[in-house]
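In our numbering, the protein residues as written are 613 to 1349.
We put the CB at the ideal spot given by N, CA and C, even for glycine.
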């Protein structure tokens, strides 16, 4: 033997210095001796070494039959491989003792681990183990190799159980087997990457665990805003008073803590702060990455639990709801955690957007629930003030006014506020006007607040005012009532505490019903414009999905994001989504009813404004009608309304002739506001084509076009004295062949 483990330690980057790992040289020397004895024995049993790996000779068979009458060549009287290093006072020996204590390993299990560690100390052992395995393609220790090097023959059958798949070495991820963890006799073992790093004092994390570690990048500004939270005190108290995570603690008590809050609320940051306060390490994993592990979930989660225990840390699964939303993965992950908590106790933290039903998943564990709520308007104002202070574009008074406006309009978390300011920096640098900067910031904040709403709904421009609406006085008063309810809901619900009286959401659900073209969409536009809110028309094609559960997910995203940004949701043709539930005759009916039931629950807890528009009020489910706060029927306009609509349908720059008979148009033709606007537009095109002003000729022909579109055929006499202006399309000439 010409090379030693000490020389390899010096040559291998990332390994600790030779004095710290002096025990590895003695381990290699001892394994050299034992392997040499095994090799000598194998050679002695073969009549022809050159044919050893090709044939089995008679002499070899005789040797095998006589083997049970000979004492073992390998001398085990000196004790186990690990005995001498467990008594050493070095740091590496301390880790070896901690490893044994952590997982209650027997002397044989520790010896087996050291045998499998040999190729990491000296690559010669790959060839030596291949020789012992009688196969050059098997350069790692097998069950047979481990048994021959660590135990006398009469103990082999007994010791095999300690190398099985359900034994400590494989079950807790200390060894990795190339047979998929089944513990088959032909399987080869290697020491897990995390254990190699731990025993050899190497830096870094197990490669398997590193792939699923939570690594969300958080700007410094967001961390500053999160420091205003105090939920870490409650979590630290649970960690301090809870089950110990110290290596070797045999108490079986365990605790699962669910830390839940909306995205951007700082769940991960709060957990890290709590662990620092309690002086406990924290190994944070990403539930989304764990979900993508597929068949490797068991090995990955076991490796993470192993490393957390070795490091006296708690395991925190961030975004655990992403892992648990799939039933199969949920069952597998919970089974792994249950086994681990039952054996070792300790604490596991699960982060999620909504509270998890984990009390059913971990019946033997103590369960705790810590909410990280979204900030109220006062906390949002303080967060905006601190975030805007990092932008030099505004004076103090402007910053205060802007912070109040943004806090009232957007119900964001501190993380979302910090991200919005971070994203707005570049655009604000090139904007000089104060109002333009405020507009840019509002646009950026709106995108941060509603990332999915733009995908599932159409952002509509809001340009009309309430004065643009042409409605009867009693309906107009109901429109004003909607605006009143929105403007003063903070006073009524927060200051006057009407939220105590009403357990339902603080939102407003409005139903607009009436014939097409009577102004329902325009009214929604005017309300959003008056309230300085954004208007989103829900695209049913983008919301309704053929896949089970996807429609509910889309609706949840719409309602959640509309809540954050004070947006008006406009459900056009609402009877398609809020229609009556039907008798269940097949699976399609059942899932359709489930979607409606979800809508019923969600719209009741909605805190924003939802406007439902339909031509057929009778088609809306009765349960929805009971949840309507304001219902407005848009009637067909009468003569006075039609007169106003005709005048308003032509913009001021349009060239109008003096011969237009407004009274005749309003009295003779019972058109809706939409039809009147269409007729005015058609008349403008006719006038532009003729190169003249818009006169009665163009208007009556445009009216006839609208009537034909509606399926109404009126004789020329219905146009009275203005029938003279009606034109007939000139037939195109035909070509005779």
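Check                                                                                                                                                                                         : Outcome
Go ahead and label residue 1151 buried or exposed: buried means 16 or more other beta carbons lie within 10 angstroms of its beta carbon, across all protein chains shown.                    : exposed
If you draw a straight line from the C-alpha of residue 1188 to the C-alpha of residue 1051, how long is it?                                                                                  : 36 Å
Please work out which residues of its chain come closer than 8 Å, Cβ to Cβ, to residue 1034, disregarding the five sequence neighbours upstream and downstream, and give them in chain order. : 831, 833 and 834
Please go through the stretch 858 to 933 and give each complete beta strand (DSSP E) segment of 3 or more residues, from N-terminal end onward.                                               : 866 to 872, 893 to 898 and 925 to 930
Could you tell me the distance, in whole angstroms, from the CA atom of residue 1021 to the CA atom of residue 1320?                                                                          : 46 Å
Put residue 1183 into one of helix, strand or coil per three-state DSSP.                                                                                                                      : strand
Taking 8 Å as the threshold (C-beta atoms), are residue 909 and residue 902 in contact?                                                                                                       : yes
Got a sec? Which residues, its chain only, sit under 8 Å from residue 1134 by beta carbon, not counting five neighbours each side?                                                            : 1076, 1080, 1081 and 1285
Following the continuous beta strand (DSSP E) through residue 1307, name the residue where it begins and the one where it ends.                                                               : Element bounds for residue 1307: n/a, residue is neither H nor E.
Could you check which residue in 755, 700 and 1041 has the C-alpha nearest to that of residue 725?                                                                                            : 755
Our contact map puts residue 811 next to residue 704 with C-beta atoms below 8 Å; I'd like the distance itself, whole angstroms only.                                                         : 7 Å
For residue 683, name the three-state secondary structure that DSSP assigns.                                                                                                                  : The predicted position of residue 683 is uncertain, since its pLDDT is 47 and thus under 50; no value can be drawn from it.
What does the Cβ neighbour count give for residue 757, buried or exposed, with the cut at 16 atoms within 10 Å?                                                                               : buried
Buried or exposed: residue 1148, going by 16 or more other Cβ atoms within 10 Å of its Cβ?                                                                                                    : buried
Figure out for me which residue from 1161, 1070, 1180 and 1172 has the closest Cα to the Cα of residue 1122.                                                                                  : 1180
In the DSSP assignment, find the unbroken beta strand (DSSP E) run with residue 958 in it and report its ends.                                                                                : 958 to 964
Quick one: what does DSSP say residue 998 is sitting in, helix, strand or coil?                                                                                                               : helix
Drop a sphere of 10 angstroms on the beta-carbon of residue 683, count the other beta-carbons inside from all chains shown, and report buried for 16 or more, exposed for fewer.              : With a pLDDT of 47 at residue 683, under the threshold of 50, the predicted position of this residue should be treated as unreliable, though the coordinate-derived value follows. That one is exposed.
Please report the residue range of the beta strand (DSSP E) in which residue 1149 lies.                                                                                                       : 1146 to 1150
Tell me the DSSP secondary structure of residue 1336 in three-state form.                                                                                                                     : helix
According to DSSP, what are the bridge partners of residue 1069?                                                                                                                              : 1150
Starting from residue 978, trace the beta strand (DSSP E) both ways and give me its first and last residue.                                                                                   : 978 to 983
Kindly give me the distance between the Cβ atoms of residue 1278 and residue 1255, rounded to whole angstroms, as I take these residues to be in contact under 8 Å.                           : 4 Å
Helix, strand or coil for residue 1076 per DSSP?                                                                                                                                              : coil
Look at the alpha carbon of residue 862 and the alpha carbon of residue 769, and state the distance between them as a whole number of angstroms.                                              : With a pLDDT of only 48 at residue 862, under 50, the local geometry of the prediction cannot be trusted, and the value read off the model is given with reservation. Answer to the nearest angstrom: the Cα atoms are 29 Å apart.
Determine whether the beta carbon atoms of residue 959 and residue 869 lie at a separation below 8 Å.                                                                                         : yes
Can you look up residue 1106 in the DSSP assignment and give me helix, strand or coil?                                                                                                        : helix
Establish whether the CB of residue 755 and some CB of chain D are separated by less than 8 Å.                                                                                                : The structure shown has no chain D; it contains just one protein chain.
Checking 8 Å against the spacing of the C-beta atoms, do residue 1136 and residue 1065 come in under that value?                                                                              : no
Tell me where the alpha helix (DSSP H) around residue 710 begins and ends.                                                                                                                    : 703 to 715
Which one of 844, 1337 and 939 has the shortest CA to CA distance from residue 872?                                                                                                           : 844
Of the choices 892, 946, 1041 and 933, whose alpha-carbon is the least far from that of residue 966?                                                                                          : 933
For the beta strand (DSSP E) holding residue 1286, just list the boundary residues, first then last.                                                                                          : Element bounds for residue 1286: not the beta strand (DSSP E) but the alpha helix (DSSP H), 1285 to 1302.
For residue 1332, count neighbouring Cβ atoms within 10 angstroms of its own Cβ and tell me buried if that reaches 16, exposed if not.                                                        : exposed
Which stretch, first to last residue, makes up the alpha helix (DSSP H) that contains residue 1365?                                                                                           : With the chain represented from 613 up to 1349, any question about residue 1365 goes unanswered, as that position is not in the structure.
Considering only DSSP beta bridges, list what residue 1123 is partnered with.                                                                                                                 : 1224 and 1243
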